[in-house]
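> Sending over a structure as structure tokens; questions will come in a sec.
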Amino acid sequence: MLVIGLMSGTSVDGIDTALVEISGTVESPQVQLLAGETYPYSPRLRETILQVCGGEKLSIEALASLDDNIAAEFAQAALNIQKEAPKAQLIGSHGQTVFHRPPQNDRLGYTVQLGRGAAIAKITSIPTISNFRAADIAQAGHGAPLVPKIDAYLLSHPTKARCVQNIGGIGNLTYLPPRQTENWQQKIFGWDTGPGNVLIDLAVQFLSQGQQTYDHNGQWSAQGQPCSELVHKWLQEPYFQQYPPKSTGRELFSPAYLAQLHRDAQAYSLSDADWLASLTDLTAISIAHSYQTFLPEMPAEVLLCGGGAHNAYLRQRLLAHLGSNVKLLTTDEVGLNSDFKEAIAFALLAYWRWHNFPSNLPKVTGAKEEVLLGEIYL
Ligand SMILES: Nc1ncnc2c1ncn2[C@@H]1O[C@H](COP(=O)(O)OP(=O)(O)OP(=O)(O)O)[C@@H](O)[C@H]1O
Ligand SMILES: CC(=O)N[C@H]1[C@@H]2OC[C@@H](O2)[C@@H](O)[C@@H]1O[C@H](C)C(=O)O
Numbered sequence: 028m029l030v031i032g033l034m035s036g037t038s039v040d041g042i043d044t045a046l047v048e049i050s051g052t053v054e055s056p057q058v059q060l061l062a063g064e065t066y067p068y069s070p071r072l073r074e075t076i077l078q079v080c081g082g083e084k085l086s087i088e089a090l091a092s093l094d095d096n097i098a099a100e101f102a103q104a105a106l107n108i109q110k111e112a113p114k115a116q117l118i119g120s121h122g123q124t125v126f127h128r129p130p131q132n133d134r135l136g137y138t139v140q141l142g143r144g145a146a147i148a149k150i151t152s153i154p155t156i157s158n159f160r161a162a163d164i165a166q167a168g169h170g171a172p173l174v175p176k177i178d179a180y181l182l183s184h185p186t187k188a189r190c191v192q193n194i195g196g197i198g199n200l201t202y203l204p205p206r207q208t209e210n211w212q213q214k215i216f217g218w219d220t221g222p223g224n225v226l227i228d229l230a231v232q233f234l235s236q237g238q239q240t241y242d243h244n245g246q247w248s249a250q251g252q253p254c255s256e257l258v259h260k261w262l263q264e265p266y267f268q269q270y271p272p273k274s275t276g277r278e279l280f281s282p283a284y285l286a287q288l289h290r291d292a293q294a295y296s297l298s299d300a301d302w303l304a305s306l307t308d309l310t311a312i313s314i315a316h317s318y319q320t321f322l323p324e325m326p327a328e329v330l331l332c333g334g335g336a337h338n339a340y341l342r343q344r345l346l347a348h349l350g351s352n353v354k355l356l357t358t359d360e361v362g363l364n365s366d367f368k369e370a371i372a373f374a375l376l377a378y379w380r381w382h383n384f385p386s387n388l389p390k391v392t393g394a395k396e397e398v399l400l401g402e403i404y405l
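Positions in the sequence shown are counted from 1; adding 27 to them yields the numbering used here.
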């Protein structure tokens with residue numbers, strides 16, 4: 028089956044679009060990436076999305092327009108990716124997260140992904156599945172991360188324990204015990220580790236007065252030295268100490284949050300490069316700390332994916348904190364494209380929904396039950 032996966036993540040940098048051929052069976056799918064492309068948002072739309080993520084108030088009418096503007100750009104991405112290919116039979120569209128509130132005590136979580144599937148189906152004339160997180164949230168789950176079941180099917184190893192670490196705007200991991208382990212599927216873990224690139228990106232934009240949006244290959248931070256005392260103080264953030272299941276977003280790791288970290292850096296008279304190095308080190312140590320605190324054992328291999336896998340300085344800091352027993356690779360090195368992995372995941376999640384195969388992992392999200400994820404728009 029030819030399926031398109033569409034995803035724009037918390038970095039809000041553009042629409043990751045994957046055209047994949049899915050063969051095999053539902054329980055043993057094989058996925059081949061035929062084409063992958065990131066289509067940047069138009070600058071005005073990106074600006075509006077970031078304002079809304081930052082809590083700016085919207086009228087319902089403005090919300091409706093934003094929803095459909097995003098749907099139109101997602102639909103165009105789907106049309107573009109298959110210009111030179113046979114027509115896809117299905118689209119899985121994550122949409123754009125603009126709000127995410129995890130569940131708390133008896134209160135259900137709430138999450139909003141804009142870019143309605145009905146409009147994408149209408150514009151493309153291809154059945155579209157969207158709103159993947161809602162059913163898990165209705166089961167008292169976090170609705171995130173959803174990728175762990177995909178990782179289990181595509182990236183687990185018969186004899187080695189692996190972690191798959193996404194470093195997008197937010198970071199998230201899947202812990203995969205060796206497949207030979209008894210009841211191995213019951214022993215999969217996953218949660219959001221905290222900031223991926225979000226704090227680094229916000230700091231680079233602030234320091235460059237909007238001229239740069241990210242620290243290319245980590246070149247700027249590599250010129251500085253992390254301030255270990257400050258990094259350890261920042262690691263006391265309650266989110267990092269909270270037991271999984273857990274999920275987070277730009278609501279916590281926001282411009283206001285970064286402003287406090289900037290004031291801390293000024294109190295220590297850090298240079299710009301030292302501050303960036305410290306933020307990068309915080310990102311790395313928060314990942315390693317969560318493995319050391321919440322996993323039953325350290326993995327033999329960590330497979331990186333997401334844009335942060337390109338940040339050489341971040342990788343260096345991560346290796347320093349994980350320790351030399353852990354092998355750091357990217358998912359590319361085991362055959363899965365690391366830049367389009369999330370888009371590929373939403374294609375496979377759509378395929379599973381189409382075939383009525385549940386795709387949340389209740390142990391990961393905290394949901395009461397396994398459920399079908401996604402709403403179908405013919
Ligand atoms: N060459 C590079 N060097 C350093 N950082 C990079 C590079 N390329 C991409 N990035 C970082 O990756 C980010 C985008 O990553 P990605 O597209 O995986 O995030 P996302 O999917 O939006 O987020 P999430 O996974 O949280 O939903 C950019 O904002 C940038 O910070
Ligand atoms: C609410 C939301 O959009 N969460 C994203 C975000 O981006 C990374 C991390 O936070 C992850 O948990 C999730 O996305 C991935 C695709 C997931 O659900 O597995």
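Ideal Cβ placement from N, Cα and C applies to all residues, glycine included.
These figures come from a predicted structure and were not determined experimentally.
Going by C-alpha distance, which of Thr275, Leu346, Tyr378, Asn158 is nearest Gly195?
As a working mapping, residue 195 is identified with position 168 in the sequence shown. Of the candidates Thr275, Leu346, Tyr378, Asn158, the one whose C-alpha sits nearest the C-alpha of Gly195 is Thr275.
> Go ahead and pull the three-state DSSP assignment for Thr44.
As a first step, residue 44 is located in the sequence shown; it is residue number 17 there, counting from the start. Strand, per DSSP.
> Could you check whether the segment 114-121 touches the segment 138-156, counting it as contact only if at least three pairs of C-beta atoms, one from each stretch, sit closer than 8 Å?
Segments in contact, yes.
> Between His127 and ligand 2, is there a pair consisting of the residue's CB and a ligand heavy atom that are separated by less than 7 Å?
Reading the sequence shown from its first residue, position 100 is the one you call residue 127. Result yes, Cβ under 7 Å from ligand 2.
> DSSP three-state call for Lys354: helix, strand or coil?
In the sequence shown, the residue the question calls residue 354 occupies position 327. In this structure, Lys354 counts as strand in the three-state DSSP scheme.
> So is Gly362 buried or exposed if we call it buried at 16+ other beta carbons inside 10 Å?
As a working mapping, residue 362 is identified with position 335 in the sequence shown. Looking at its Cβ environment, which holds fewer than 16 other Cβ atoms inside 10 Å, Gly362 is exposed.
> Look up Glu64 in the DSSP assignment and give the residues it is bridged to.
Numbered from 1 along the sequence shown, position 37 holds the residue referred to as residue 64. Paired residues: Thr44.
> Indicate the three-state DSSP secondary structure (helix, strand or coil) for Val139 in the structure shown.
Translated into the one-based positions of the sequence shown, residue 139 becomes position 112. Three-state result, Val139: strand.
> Taking only heavy atoms of ligand 1 into account, decide whether any of them is closer than 7 Å to the Cβ of Ile97.
Reading the sequence shown from its first residue, position 70 is the one you call residue 97. The answer is no for Ile97.
> Which residue marks the beginning of the beta strand (DSSP E) containing Phe280, and which one marks its end?
Here the question's residue 280 lines up with position 253 in the sequence shown. Per DSSP, Phe280 belongs to no beta strand (DSSP E) and is neither H nor E.
> Ala300 to Gln109, Cα distance in whole Å?
Position 273 of the sequence shown, counted from the first residue, corresponds to residue 300. Position 82 of the sequence shown, counted from the first residue, corresponds to residue 109. Taking the straight line joining both Cα atoms gives about 43 Å.
> Which residues in the same chain have their Cβ closer than 7 Å to the Cβ of Pro272, if we skip the five residues on either side of it in sequence?
Walking along the sequence shown from the start, residue 272 turns up at place 245. The answer, listed in chain order, is His169, Trp218, Val391, Thr392, Gly393.
> What does Met28 pair with, by DSSP beta-bridge criteria?
As a first step, residue 28 is located in the sequence shown; it is residue number 1 there, counting from the start. None, per the DSSP bridge assignment.
> On the three-pair Cβ rule with 8 Å, is the segment 221-228 touching the segment 300-317?
Segments in contact, yes.
> Does the beta-carbon distance from Gly81 to Pro282 come in below 8 Å?
Residue 81 sits at position 54 when you count from the first residue of the sequence shown. Residue 282 sits at position 255 when you count from the first residue of the sequence shown. Yes; because the gap between Cβ atoms is below 8 Å, this pair is in contact.
> For Gly122, name the three-state secondary structure that DSSP assigns.
Mapped onto the sequence shown, residue 122 falls at position 95. Strand, per DSSP.
> Counting beta carbon pairs with one atom in the segment 30-49 and one in the segment 61-68, are three or more of them shorter than 8 Å?
They touch, by the three-pair rule.
> If you drop the 5 nearest sequence neighbours on each side, which residues of the same chain put their C-beta closer than 6 Å to that of Pro172?
Looking up residue 172 in the sequence shown gives position 145. The residues are Asn199, Gly217.
> May I ask which residues mark the beginning and end of the beta strand (DSSP E) holding Asn158?
Within the sequence shown, the letter at position 131 stands for residue 158. Where Asn158 is concerned, there is no enclosing beta strand (DSSP E), given that its DSSP letter is neither H nor E.
> Can you tell me whether Asp178 is buried or exposed, with buried defined as 16 or more other CB within 10 angstroms of its CB?
For the purposes of this step, residue 178 is identified with residue 151 of the sequence shown, where counting begins at 1. Buried is the call here.
> So does the segment 225-240 actually touch the segment 277-291, counting three or more Cβ pairs closer than 8 Å?
Yes, the segment 225-240 is in contact with the segment 277-291.
> Taking one C-beta from the segment 348-355 and one from the segment 363-370 each time, how about it: are there three or more such pairs within less than 8 Å?
The segment 348-355 vs the segment 363-370: no contact.
> Helix, strand or coil for Ser317? Go by DSSP, reduced to three states.
Counted from its first residue, the sequence shown places residue 317 at position 290. Reduced to three states, the DSSP call for Ser317 is helix.
> With contact counted as at least three CB pairs below 8 Å, one residue from each stretch, are the segment 53-62 and the segment 73-90 in contact?
The answer is no - the segment 73-90 does not touch the segment 53-62, with fewer than three Cβ pairs under 8 Å.
> What's the C-alpha gap between Trp381 and Ile403?
Residue numbering aside, residue 381 sits at position 354 when the sequence shown is read from its first letter. Residue numbering aside, residue 403 sits at position 376 when the sequence shown is read from its first letter. Distance between the alpha carbons of Trp381 and Ile403 is about 8 Å.
> Can you grab the Cα-Cα spacing for the pair Ala374 / Gln239, in whole Å?
Looking up residue 374 in the sequence shown gives position 347. Looking up residue 239 in the sequence shown gives position 212. Whole-angstrom Cα-Cα distance: 31 Å.
> Quick one: what's got a C-beta closer than 6 Å to Ala315's C-beta in the same chain, skipping five residues either side?
Numbered from 1 along the sequence shown, position 288 holds the residue referred to as residue 315. Correct list, in chain order: His348, Leu349.
> Residue range of the beta strand (DSSP E) that Asn96 falls in?
The residue you call residue 96 lines up with position 69 of the sequence shown. Per DSSP, Asn96 belongs to no beta strand (DSSP E); it is in the alpha helix (DSSP H), 87-108.
> Tell me the rounded alpha-carbon separation between Tyr423 and Pro130.
Only positions 28 to 405 of the chain appear in this structure, which leaves residue 423 out of reach.
> Closer than 8 Å by C-beta to Pro385: which residues in its own chain qualify, once you throw out the five before and the five after it? Chain order, please.
On the sequence shown, position 358 is the one that residue 385 refers to. These residues qualify, in order along the chain: Trp379, Glu397, Val398, Leu399, Leu400.
> Note the first and the last residue of the continuous beta strand (DSSP E) segment covering Glu328.
For the purposes of this step, residue 328 is taken as the residue at position 301 of the sequence shown. That run of the beta strand (DSSP E) goes 328-332.
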